[in-house]
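J.: In my numbering, the protein residues as written are 12 to 204. All residues carry an ideal CB built from backbone N, CA and C; glycine is no exception.
Rendered as C-alpha cells:
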C-alpha cells in the first residue's frame, strides 16, 4: 500500500495507473476519502518470475456543486408568476439554503434531476438579493445570487370626472337653446290665434 503522511487537508496527490501505456485510472487523493479501489497487478517475465503489487487507491472530493445562474429579474408590483429556478449538479448531492436579504427563507435536500425553485410573488417594492448555497454531502460549497427588483405600477391614464368637459357644456347649451326655441314658437302660435 502506498501512503503519503505529508498530505494536509489542502494538499492533493494525483495518482495515475497505466497498463501497457494506456491510462486506466487517474484520481487526486487527499483529505476525506470518498472512493477506495483495491487494484492487484501481476507482472510475468520470460524466466517465469512473477511479481505482484497490491495498491489501494483512495480519492477525495474537493469540488463544490455547480449551480446555474438565472438572470436578475425586474417586475411590476402586484403581478404574479415570478420564480427563480436553479439547477444544481454534483456527484454527491446534499442540502441547500436560500436567503432573501440575508434572512433564511428556504432550505432542503436537492437532487441532480430536480430544480430548486422559489416563488417571488408579493415581494414589496424595492431591490431584493436572493442567495442560494448548495453543499454536497462532503461539505463542498457552490452557490449563486440573483437580484430581484420590484417597481411601482405604471399609472394608467384616466379621465378625471371633476375636470371641465367642453362636450358636456356644448350639449347643455344646445338643449337649453332648443327648449327656448320651442317655447318661443309655442308662445307665437298662442298670440297669433
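1) Could you say which of 103, 155, 137, 80 lies nearest to residue 109 if we only look at CA atoms?
2) Taking the beta strand (DSSP E) that residue 124 falls in, what are its first and last residues?
3) Go to residue 146, then tell me how far its beta strand (DSSP E) extends in each direction, as first and last residue.
4) Using a threshold of 8 Å, is the CB atom of residue 110 nearer than that to any non-hydrogen atom of the ligand NAP?
5) Between which two residues does the beta strand (DSSP E) holding residue 91 run?
6) Just the Cα atoms here: how many angstroms apart are residue 120 and residue 165?
7) Residues in the same chain with beta-carbon distance under 7 Å from residue 163, minus the five sequence neighbours each way, listed in chain order, please.
8) How should residue 153 be labelled, buried or exposed, when 16 other C-beta atoms within 10 angstroms of its C-beta is the threshold for buried?
9) Can you grab the Cα-Cα spacing for the pair residue 83 / residue 159, in whole Å?
10) Do the CB positions of residue 76 and residue 95 come within less than 9 Å of each other?
11) What residues in its chain sit with their C-beta under 7 Å from that of residue 279, if we drop five residues either side in the sequence?
12) From the DSSP output, which residues share a beta bridge with residue 156?
13) Tell me which residues share the same chain as residue 112 and place their Cβ nearer than 7 Å to its Cβ, disregarding the 5 neighbours each side in the sequence.
14) Check for me: the beta strand (DSSP E) holding residue 107 runs from which residue to which?
T.: Taking the structure as given:
1) 155
2) Element bounds for residue 124: n/a, residue is neither H nor E.
3) 137–146
4) For the structure depicted, the ligand NAP is absent and the ligand set is empty, with no information on it obtainable.
5) Counting along the chain, residue 91 falls outside any beta strand (DSSP E), and DSSP gives it neither H nor E.
6) 40 Å
7) 88, 136
8) buried
9) 6 Å
10) no
11) What is shown of the chain runs 12 to 204, which leaves residue 279 out entirely.
12) 142
13) 139, 140
14) 106–111
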